[in-house]
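Here UniProt numbering is used: position 106 in the sequence shown is 106, and no number is missing along the way.
Built from N, CA and C at the ideal position, the CB exists for glycine as well.
Note sheet for the following structure.
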Amino acid sequence: MAPSGCPRSCRAGTRPACSACAGCPTAAARRAAGTPRCWCSDCRTAPSPRCWDEDHDVLPVKRALRRQLQGALPQAAEKLQGLQDQCREEQALPALTLLTGVSWGVTLRGGGRELTGTLRTSEEPLTKALCLLLAERAALTESCCVPPCTTPSVVVQDRAAPPDPTPAAAPTPPEAPLDVWDPPPAEALPPREMDVFSISQRRLDRDPQQEKASVLRDAPGVTRLVNVYCNFHPAWSLQLLHRAAPTLERLRVDYPREAHLRAVHAMPRLRRLDVVGDTDLLAQPPELPALPPGHAGLQWLRMEDLPRATTQSLLRAHGCTLEELELVVGTAGSRVWPKSCGDLHSLLQQSGLRALRRLVLRRDWYRHEPAACREQRAEVRRVLPGAEVLCSTCDRVREEEA
Numbered sequence: 001m002a003p004s005g006c007p008r009s010c011r012a013g014t015r016p017a018c019s020a021c022a023g024c025p026t027a028a029a030r031r032a033a034g035t036p037r038c039w040c041s042d043c044r045t046a047p048s049p050r051c052w053d054e055d056h057d058v059l060p061v062k063r064a065l066r067r068q069l070q071g072a073l074p075q076a077a078e079k080l081q082g083l084q085d086q087c088r089e090e091q092a093l094p095a096l097t098l099l100t101g102v103s104w105g106v107t108l109r110g111g112g113r114e115l116t117g118t119l120r121t122s123e124e125p126l127t128k129a130l131c132l133l134l135a136e137r138a139a140l141t142e143s144c145c146v147p148p149c150t151t152p153s154v155v156v157q158d159r160a161a162p163p164d165p166t167p168a169a170a171p172t173p174p175e176a177p178l179d180v181w182d183p184p185p186a187e188a189l190p191p192r193e194m195d196v197f198s199i200s201q202r203r204l205d206r207d208p209q210q211e212k213a214s215v216l217r218d219a220p221g222v223t224r225l226v227n228v229y230c231n232f233h234p235a236w237s238l239q240l241l242h243r244a245a246p247t248l249e250r251l252r253v254d255y256p257r258e259a260h261l262r263a264v265h266a267m268p269r270l271r272r273l274d275v276v277g278d279t280d281l282l283a284q285p286p287e288l289p290a291l292p293p294g295h296a297g298l299q300w301l302r303m304e305d306l307p308r309a310t311t312q313s314l315l316r317a318h319g320c321t322l323e324e325l326e327l328v329v330g331t332a333g334s335r336v337w338p339k340s341c342g343d344l345h346s347l348l349q350q351s352g353l354r355a356l357r358r359l360v361l362r363r364d365w366y367r368h369e370p371a372a373c374r375e376q377r378a379e380v381r382r383v384l385p386g387a388e389v390l391c392s393t394c395d396r397v398r399e400e401e402a
């Protein structure tokens, strides 16, 4: 039952009775009395009244934390054993800097939110392991020398998040932070973008030879390349992918053939990929191998109309790094993959998605039955307990760009 004075009707037995309801006048008293705070897995924040009304996946914070960490800590303990040996020389210097500092001001930015705190270095093993992990995974780069009397600072920013509309003023030199970005740890590149829609979509009878040659000349150094349609000019588009490969971090490619997929798979810095396939890949679906050594691995991936075997091989190759996956797939039904799928949980369970934290099932024009969708998402959550699982239709998820 709802507590007295609550403006909403709470369904007892299906959630904590108004303990996290922002509109409930007794919420503060309940929290003070020890009622657990809650977490909305769909919104990735503390729940609002809308979360209760729309039946979001809301759990007490400790239970939500256990779900996120399920199976992770034993695996982390194994990986920590070899972390020191895996640390390269360029990562060892920032690791030593962290380990020998007295304390570090830490700022985490992402998704329009900011967390701040202080990391005090000590002989405590977990603190030492955290410093080493930061150096090895976050690709720390020192932007300037900080005088010994000042407290160093670490800034971690989510590169996938939209830029802050009101950027903070630049810090004074003594307080300049030690910036932390995602791997790979190579020197940061100035962003250069290229959109080849108007060229790659032209038919052969209107072949823009001069423009194509100009694009190939400009491709080296590009960090974001979008709208590469491979079906009209397959040889040219393959050449373009090869020329842009060394620096490319974000890519949207449509209707690739096997050669294009393998060229994309070999890109060492690629972090975001949006790939749309077609029926030409069905005759002999390509299966991609494990990533070559030294490759960054994808963090964000959107796939549409790729054969099932190709889809799974791509997921397996990036299972250790992939954090966000958008998959265009239908609910259970009689149509062929991916227009309908009755065993999506099995495919994902076999793909080794150890880093995944967000999965969006995009329906587009594919089969979508609300009851089947709820069942499909529940099955997926059971095999990916640490990931947020959304439906683009039910949850009204906006599309992202590569």
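I'd like to know whether the C-beta atoms of residue i and residue j end up nearer to each other than 9 Å.
i    : j    : result
A290 : T321 : no
A402 : V226 : yes
G389 : R377 : Per the sequence presented here, residue 389 reads as Val, with Gly not at that position. Taking 9 Å as the Cβ cut-off, V389 and R377 qualify as a contacting pair.
L361 : V329 : yes
G277 : L306 : yes
P338 : E304 : yes
R250 : R271 : yes
R302 : E323 : no
A263 : L281 : no
R252 : V228 : yes
A259 : P234 : yes
R66  : R358 : no
L273 : W300 : yes
R192 : V222 : yes
T116 : T107 : yes
G319 : A332 : no
D395 : D42  : yes
L344 : E379 : yes
L347 : S313 : no
G384 : Q349 : It should be pointed out that residue 384 corresponds to Leu in this sequence rather than to Gly. A contact, by the Cβ cut-off of 9 Å.
P246 : R224 : no
R367 : S340 : yes
So if DSSP puts residue i in a beta bridge, which residue, or which two residues, is it bridged to?
i           : result
L80         : L80 is not bridged to any residue.
D278        : Answer by DSSP bridge pairing: none, since D278 is not bridged.
V360        : E326, L390
R272        : R250, W300
residue 403 : With the chain represented from 1 up to 402, any question about residue 403 goes unanswered, as that position is not in the structure.
V58         : C40
T45         : C40
Tell me where the beta strand (DSSP E) around residue i begins and ends.
i           : result
H38         : The identity of residue 38 in the sequence shown is Cys, whereas the question assumes His. It spans 38 to 40 - the beta strand (DSSP E) in which C38 sits, taken as one unbroken run.
L344        : No beta strand (DSSP E) contains L344, which is instead part of the alpha helix (DSSP H) from 344 to 349.
E287        : Per DSSP, E287 belongs to no beta strand (DSSP E) and is neither H nor E.
R354        : Premise fails: R354 is in no beta strand (DSSP E) and is neither H nor E.
residue 416 : With the chain running from 1 to 402 in the structure shown, residue 416 is simply not present.
D218        : Careful: D218 lies outside any beta strand (DSSP E), inside the alpha helix (DSSP H) at 209 to 218.
W264        : At residue 264 the sequence reads Val, which differs from the Trp that was named. Segment 258 to 265 is the alpha helix (DSSP H) holding V264; no beta strand (DSSP E) there.
Our contact map puts residue i next to residue j with C-beta atoms below 8 Å; I'd like the distance itself, whole angstroms only.
i    : j    : result
G386 : Q70  : 6 Å
P286 : T310 : 6 Å
G352 : R316 : 6 Å
L126 : A95  : The pair is not a contact, with the Cβ atoms about 15 Å apart (cut-off 8 Å).
K128 : L93  : About 16 Å separates the two Cβ atoms, so there is no contact after all.
R202 : A219 : Actually they are not in contact, since the Cβ atoms of R202 and A219 sit about 18 Å apart, beyond 8 Å.
Which residue marks the beginning of the alpha helix (DSSP H) containing residue i, and which one marks its end?
i    : result
R67  : 61 to 69
V253 : Looking at the DSSP string, V253 is not in any alpha helix (DSSP H); the run it does join, the beta strand (DSSP E), is 250 to 254.
E379 : 370 to 383
R243 : 234 to 244
R316 : 308 to 317
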